[in-house]
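In this note's numbering, the protein residues as written are 38 to 302.
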């Protein structure tokens, strides 16, 4: 038995997922509560990591070291960069994760970890500094399982856009429009968060595929929480995740039936 692990930083980002989880067993590992159960027939591990890179990396490592994990989905809310076209309530899917803070501050400004010359992860000749590409097959599957234009209906899908692109993980969230534009242009990014790159780094170390889906709670810039909608962002994100898992289970069953039929022929 191998598990699909779902990670979010805060309970608000995962209440719907936990409510849909069947046959739930709670286990304490390293001071964290891991929920083991089923979603649409899939074996699931679920965990709230806590905020920030260290909590996220620690949580991912705890799961991988204690269970046979076949893939990780990182979910939650995030801020959309001003020129990316996403609005509050929309969905962002990471094509890659980027550490936006790690590097060197020089007289000419910020430079990446390549300036130091020591990679965060090495696999053979492949060296990873600030950027981690997410697993392309899992990314494609995730995108293919989401309706292209989700209909607006009560209790169902919301009227939101879904877009894929680079994510930036930061230690200090951006609170000015100037800084938001600077990061957006530097990395051509669509979404900012505080955990994703750390989980992507752990997944790279263990060679485990990762998918990251976030609901947009705010537009990155001047910090004004009166304009945020954490609830809408969290709910839309979880609806998408539940649909991805449900469709994935159905598609896998169809593939098995097709293979069985071909063998009989």
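Backbone N, C-alpha and C define an ideal beta-carbon position, used for all residues, glycine too.
Does DSSP put residue i in a helix, a strand or coil?
{"i": "residue 281", "result": "helix"}
{"i": "residue 264", "result": "helix"}
{"i": "residue 236", "result": "helix"}
{"i": "residue 164", "result": "strand"}
{"i": "residue 42", "result": "strand"}
{"i": "residue 211", "result": "coil"}
{"i": "residue 257", "result": "coil"}
{"i": "residue 245", "result": "coil"}
{"i": "residue 48", "result": "helix"}
{"i": "residue 225", "result": "coil"}
{"i": "residue 86", "result": "coil"}
{"i": "residue 142", "result": "strand"}
{"i": "residue 123", "result": "coil"}
{"i": "residue 172", "result": "coil"}
Less than 7 Å between the C-beta atoms of residue i and residue j, yes or no?
{"i": "residue 104", "j": "residue 82", "result": "yes"}
{"i": "residue 97", "j": "residue 232", "result": "no"}
{"i": "residue 282", "j": "residue 77", "result": "yes"}
{"i": "residue 224", "j": "residue 236", "result": "no"}
{"i": "residue 207", "j": "residue 137", "result": "yes"}
{"i": "residue 251", "j": "residue 129", "result": "yes"}
{"i": "residue 305", "j": "residue 118", "result": "Given a span of 38 to 302 for the chain in the structure shown, any question on residue 305 remains unanswerable."}
{"i": "residue 100", "j": "residue 133", "result": "no"}
{"i": "residue 270", "j": "residue 254", "result": "yes"}
{"i": "residue 169", "j": "residue 241", "result": "yes"}
Would you kindly work out how many angstroms separate the C-alpha atoms of residue i and residue j, rounded to a whole number?
{"i": "residue 141", "j": "residue 216", "result": "17 Å"}
{"i": "residue 49", "j": "residue 274", "result": "11 Å"}
{"i": "residue 188", "j": "residue 279", "result": "Low per-residue confidence applies at residue 188: pLDDT is 45, beneath 50, and the placement is therefore not dependable, though the value from the model is reported in the following sentence. Going by the C-alpha atoms only, they are around 16 Å apart."}
{"i": "residue 243", "j": "residue 106", "result": "10 Å"}
{"i": "residue 197", "j": "residue 158", "result": "36 Å"}
{"i": "residue 69", "j": "residue 63", "result": "10 Å"}
{"i": "residue 260", "j": "residue 38", "result": "45 Å"}
{"i": "residue 247", "j": "residue 46", "result": "16 Å"}
{"i": "residue 152", "j": "residue 80", "result": "43 Å"}
{"i": "residue 268", "j": "residue 51", "result": "11 Å"}
{"i": "residue 42", "j": "residue 145", "result": "42 Å"}
{"i": "residue 116", "j": "residue 88", "result": "15 Å"}
{"i": "residue 210", "j": "residue 75", "result": "34 Å"}
{"i": "residue 295", "j": "residue 59", "result": "Since pLDDT at residue 295 reaches only 41, below the 50 mark, its modelled position is unreliable, and no value is offered."}
{"i": "residue 212", "j": "residue 166", "result": "25 Å"}
{"i": "residue 90", "j": "residue 149", "result": "18 Å"}
{"i": "residue 71", "j": "residue 143", "result": "42 Å"}
Based on DSSP bridge pairs, tell me the residues matched to residue i.
{"i": "residue 76", "result": "79"}
{"i": "residue 104", "result": "Answer by DSSP bridge pairing: none, since residue 104 is not bridged."}
{"i": "residue 62", "result": "73"}
{"i": "residue 131", "result": "202"}
{"i": "residue 273", "result": "Bridge partners of residue 273: none, in fact."}
{"i": "residue 230", "result": "206"}
{"i": "residue 113", "result": "251"}
{"i": "residue 159", "result": "164"}
{"i": "residue 136", "result": "206"}
Between residue i and chain B, is any beta-carbon pair separated by less than 7 Å?
{"i": "residue 169", "result": "The structure shown contains no chain B, having only a single protein chain."}
Hey, would you say the C-beta of residue i is under 6 Å away from at least one heavy atom of the ligand ADP?
{"i": "residue 91", "result": "Absent from the structure shown: the ligand ADP. Ligands present: none."}
key: Validate contact between the stretch 45–55 and the stretch 121–129 using beta carbons, cut 8 Å, 3 pairs   = Counting Cβ pairs under 8 Å, fewer than three are found: no touch.
message = Tell me whether the stretch 206–223 and the stretch 148–164 touch, counting them as touching only if at least three CB pairs, one residue from each stretch, are closer than 8 Å.
response = The stretch 206–223 vs the stretch 148–164: no contact.
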